[in-house]
Amino acid sequence: MSWLWFSLVAATTLVPVFLSIPYFARNFHVRPDVFTSWYFGGVSIGVALWIALSEGAAALVPGGPRLLLGMLAVGVTFGAVANSSLFRAVAVAPNPGLPPVFLYSAASLAVFLASAALAHRLPRYFSAVSRDLDQLLGILLVMVGLFLIAGGWPLLRDLLHGR
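Its first residue numbered 5, the sequence shown is counted upward by one per residue in the working numbering.
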């Protein structure tokens, strides 16, 4: 399957996740970071079962303990901060759909530029990637749209004046 198909499946199945965060906060007083912990516990179990059933349990342990520690370190640091912040933003945003759009748009721009730079500078470690100008412009257009949705110029003015 193509990356676009996987993206559509992910977008569709993330809808109930993002709706659940404010629902659990409002109706059960579950803090977003607590929800995040249990949610990703469930994600880990579900993905591990999927891999174990489709490829065998050995596929869950790629390349030994150093690689496992590296992957865990990325999750414990960047993954924990990113997802805890996202889930908190979803819980307090005026609409739970706004933070994911901002997060994924901003992250897409950073990853697009960084992956091109890393592939160019460190080809031994990073594969060549698409660097089409239309794709970059598409990401930038999404970010401009998000800026307008989030409040546009008044929001920027308030941020600049520390309000």
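All residues carry an ideal CB built from backbone N, CA and C; glycine is no exception.
These figures come from a predicted structure and were not determined experimentally.
8 Å Cβ shell around residue i - same chain, five flanking residues per side excluded
| i | result |
| --- | --- |
| I49 | none |
| L8 | none |
Residue i vs residue j beta-carbon contact at 7 Å
| i | j | result |
| --- | --- | --- |
| P127 | F22 | no |
| S2 | D37 | A question about residue 2 goes unanswered here, because the residues of the chain that appear run from 5 up to 167. |
| I25 | F91 | yes |
Cut-off 7 Å between Cβ atoms - residues of its own chain near residue i, not counting five sequence neighbours on either side
| i | result |
| --- | --- |
| V133 | S119, A120 and A123 |
Among the options, the one whose alpha carbon lies nearest that of residue i
| i | options | result |
| --- | --- | --- |
| G155 | R125, P98 and S131 | P98 |
| Y108 | P26, L160, T16 and V146 | V146 |
| A114 | S131, L144 and T17 | L144 |
| A110 | L150, Y129, H165 and L164 | L150 |
| V85 | S112, I55, T16 and T40 | T40 |
Own chain, CB closer than 6 Å to residue i, minus 5 neighbours either side, in chain order
| i | result |
| --- | --- |
| V34 | F28 |
Residue span of the alpha helix (DSSP H) that contains residue i, given as start and end
| i | result |
| --- | --- |
| V13 | W7 to F32 |
| V146 | L137 to I153 |
| R70 | P69 to V78 |
| R161 | G156 to L164 |
| F44 | P36 to E59 |
**Message:** In chain order, what are the residue ranges of uninterrupted alpha helix (DSSP H) at least 4 long that sit wholly in the region 80-112?
**Reply:** Counting only runs of 4 or more, we get 84-96.
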